[in-house]
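Here our numbering = 1-based position in the sequence shown + 2.
All C-beta atoms in this analysis are idealised placements derived from N, C-alpha and C, irrespective of residue type, glycine included.
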Amino acid sequence: MSTPTDDRPHVIKMGLAAIWVIFLCKGIFYSLLFPIWEGFDEYAHFAFIQYLAIHHHLRSN
């Protein structure tokens, strides 16, 4: 006789797959909504990475 706990691994795998699909859809949505270099703070991010590339250390405030 089977018990309801026999289906747990399948349910967990399906739940994780659903979370991944939602995560990917959300990422694609945001990528289409805000194309590269179009975000309000992209220039600040680029300036920080450029500073790291030139100076090889974090800024000390």
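Secondary structure of residue i, DSSP reduced to three states
i: Phe36; result: coil
i: Gly41; result: coil
i: Arg10; result: helix
i: His58; result: coil
Same chain, Cβ closer than 8 Å to residue i, neighbours up to 5 away in sequence not counted
i: Ile38; result: Glu44
Contacts around residue i, its chain only, beta-carbon distance under 6 Å, and the 5 residues preceding and following it disregarded
i: Ile21; result: none
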